[in-house]
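Let me begin by presenting the structure, written as structure tokens, before commenting on it.
In the numbering used here, the protein residues as written are 3 to 286.
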């Protein structure tokens with residue numbers, strides 16, 4: 003006599019966090035009639051600790067009818083041992099507010115089968131999840147509106163990661179720019195340059211400030227801004243020099259000193275190379 007062996011089904015949640023994980027605390031929030039949120043404190047074995055990541059599960063339940071589940075795994079500062087999983091379930095009625103063609107124009111709604119898609123968790127998503135955790139003194143209606151706005155923003159961030167291709171640079175060396183956390187480092191580097199026009203920062207100094215590999219920083223900066231770091235620095239300094247000379251009436255010597263050039267001749271050469279004019283020609 004043969005005994006049928008029934009395979010054990012693993013829930014999407016346990017598949018996401020790992021079967022060895024232990025649930026420590028589970029808090030449910032019915033955001034509204036169409037969105038259900040759960041915040042789960044989870045203990046994951048040290049050797050199974052995943053990086054911050056997200057997963058989208060889409061379940062077609064009828065023609066143009068969907069149930070969508072989002073999971074975000076994050077490591078908050080206030081949980082040094084355990085990790086946080088944010089679960090958001092968007093019920094079929096939620097999607098009734100959108101025209102069918104609007105849904106079908108985006109992944110994953112083009113598929114007529116259950117779909118699993120992984121996406122990176124950006125700093126903005128982490129901040130939004132932190133907002134869901136925070137207690138408020140708001141009235142129930144205002145709190146529900148705030149939670150609805152936050153949940154929908156998290157859905158938008160997930161869909162953007164999945165459906166909006168990052169096409170600034172498609173060469174293999176720049177695939178790392180597909181992660182928002184890496185793009186943010188490039189934006190931070192650009193901001194540092196803009197705030198320190200008078201300093202001739204080296205690639206090494208800049209890479210340390212944004213915690214990024216020098217090679218990645220150079221390639222990523224060129225891919226996003228269209229300029230090398232050196233050219234961008236020069237552009238900022240020349241634009242500032244033009245403003246100081248033309249509008250503030252500063253002398254060529256003053257401008258060269260303000261912008262950190264090693265000598266007036268060095269400044270004059272850089273200015274003429276960029277503008278085709280001598281700095282003194284711009285003096286009002």
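Just so it is clear, CB atoms sit at the ideal spot from N, CA and C, and this is done for glycine as well. Keep in mind it's a predicted model, so treat the numbers as computed, not measured.
Is the separation between the beta-carbon of residue i and that of residue j shorter than 8 Å?
i, j, result
"residue 231", "residue 194", "no"
"residue 149", "residue 33", "yes"
"residue 69", "residue 110", "no"
"residue 96", "residue 37", "yes"
"residue 129", "residue 74", "no"
"residue 123", "residue 222", "no"
"residue 266", "residue 254", "yes"
"residue 25", "residue 42", "yes"
"residue 88", "residue 46", "no"
"residue 140", "residue 90", "no"
"residue 225", "residue 179", "yes"
Looking at the structure shown, is residue i part of a helix, part of a strand, or coil, going by DSSP?
i, result
"residue 44", "strand"
"residue 29", "strand"
"residue 36", "coil"
"residue 140", "coil"
"residue 21", "coil"
"residue 54", "coil"
"residue 124", "coil"
"residue 117", "strand"
"residue 199", "coil"
"residue 62", "strand"
"residue 91", "strand"
"residue 261", "coil"
"residue 227", "helix"
"residue 68", "strand"
"residue 85", "strand"
"residue 269", "helix"
"residue 73", "strand"
"residue 107", "coil"
"residue 145", "helix"
"residue 208", "helix"
Is the Cβ of residue i closer than 8 Å to any Cβ of chain D?
i, result
"residue 162", "Of the chains in the structure shown, none is chain D; there is only one protein chain."
Using alpha carbons as the reference points, say which of the options lies closest to residue i.
i, options, result
"residue 133", "241, 39 and 20", "39"
"residue 85", "28, 271, 157 and 278", "28"
"residue 185", "219, 272 and 102", "219"
"residue 22", "37, 57 and 44", "44"
"residue 292", "117, 254 and 269", "Lying before the first or after the last residue shown, residue 292 is absent from the chain, which here runs from 3 to 286."
"residue 31", "65, 147 and 105", "147"
"residue 59", "104, 17 and 269", "17"
"residue 54", "237, 203 and 125", "125"
"residue 236", "91, 178, 283 and 201", "201"
"residue 71", "99, 15 and 46", "15"
"residue 163", "108, 203 and 141", "108"
"residue 251", "208, 283, 228 and 91", "283"
"residue 66", "77, 135, 216 and 105", "105"
"residue 233", "13, 77 and 275", "275"
"residue 61", "77, 199, 92 and 227", "92"
Exposed or buried, which one is residue i when buried takes at least 16 other CB atoms within 10 Å?
i, result
"residue 153", "buried"
"residue 279", "exposed"
"residue 281", "buried"
"residue 158", "exposed"
"residue 51", "The predicted model places residue 51 with a pLDDT of 48, which falls under 50 and marks its position as unreliable, so this point remains unresolved."
"residue 19", "buried"
"residue 100", "exposed"
"residue 257", "buried"
"residue 103", "exposed"
Does the pairing of the segment 258-266 with the segment 231-248 give three or more beta-carbon distances under 8 Å?
yes
Using 8 Å as the Cβ pair cut-off and three pairs as the minimum, do the segment 181-193 and the segment 210-218 touch?
yes
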